[in-house]
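Just so we're aligned, residue 84 is where the sequence shown starts under our numbering, counting upward by one. Even for Gly, the Cβ is constructed at its ideal location relative to N, Cα and C. All values derive from a computational prediction rather than experimental measurement. Heads up: the structure comes next, in structure tokens.
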Amino acid sequence: MAEEHKCQQPSTHVLCANNCGFFGSPTTLNLCSKCYKDHCLKDRHISTAKIALTRQAESSSSSRAAVADVAGVPNLVSPVQSLPNPTTTDLTVPSVVVTDAKLEQRNRCGCCRKRVGLTGFMCKCGMVFCGTHRYPEKHECSFDFKTVGKEAIARENPVVKGVKLEKI
């Protein structure tokens, strides 16, 4: 049956190149499926880091050129010299650093510090509250609802004055 479909079974099994204990194949660089997926993911992260570095370098060199042009001094720094070496293996993807205070503020009630998780209520004052403190009068809200309401009514209902008639 293998002759009908012209399939060839591998003559020998090759262990994964990362020595994880599973079998690899030549199509996946002699890596097992998990190691190959990790390898591809690592390559993707490196390529996005290179792109981010080049964009950052381009933006910094363009801002230097703009400052130099304003000052009347020609830009003597070439963009090639200002770029770091992209072939180093120390490339990492820049990540957003979240402070613990902000993370804690989002997960806990602003009044009683009770954990709210996904059931927290976001108030217009910018805080998250539990079910008990979700109403503005319960948590002494600093948001001025009256002024916002008055502005919304004034914006939605402009003053309409009719044309005055001339007296005869």
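1. In the structure shown, what three-state DSSP assignment does F40 receive?
2. Between which two residues does the alpha helix (DSSP H) containing V231 stretch?
3. Taking K207 as the reference, which of D227, A140, L201, R191 has the closest Cα?
4. Between the alpha carbons of K133 and K229, how many angstroms are there, rounded?
5. Just tell me which of C194, G232, K117 has its CA closest to the CA of E220.
6. If we ignore side chains and look at the alpha-carbon of each, how far apart do L114 and A100 end up?
7. Whole angstroms is fine: what's the gap from L136's alpha carbon to G209's?
8. Mapping DSSP to helix, strand and coil, what is R217?
9. Does the Cβ of C123 have 16 or more other Cβ atoms within 10 Å, making it buried, or fewer, making it exposed?
10. Looking at C-alpha atoms only, which residue of T131, G214, Y119 is the closest neighbour of T111?
11. Are the beta-carbon atoms belonging to H96 and F105 less than 8 Å from one another?
12. Buried or exposed for G203, going by 16 or more other Cβ atoms inside 10 Å?
13. Return yes when the Cβ of K197 is within less than 8 Å of the Cβ of R191, no when it is not.
14. Rounded to the nearest angstrom, what separates P241 and V231 at their Cα positions?
15. Assign R196 to one of three DSSP states: helix, strand, or coil.
Per the coordinate set shown:
1. An answer regarding residue 40 cannot be provided, because it is not within the stretch 84 to 251 covered by the chain.
2. 228 to 239
3. D227
4. Put simply, the backbone Cα of K133 is about 51 Å away from that of K229.
5. C194
6. 5 Å
7. 35 Å
8. Here R217 sits in coil by DSSP.
9. exposed
10. Y119
11. no
12. buried
13. Against a cut-off of 8 Å, the Cβ pair of K197 and R191 comes out as a contact.
14. Their backbone Cα atoms lie some 16 Å apart in a straight line.
15. coil
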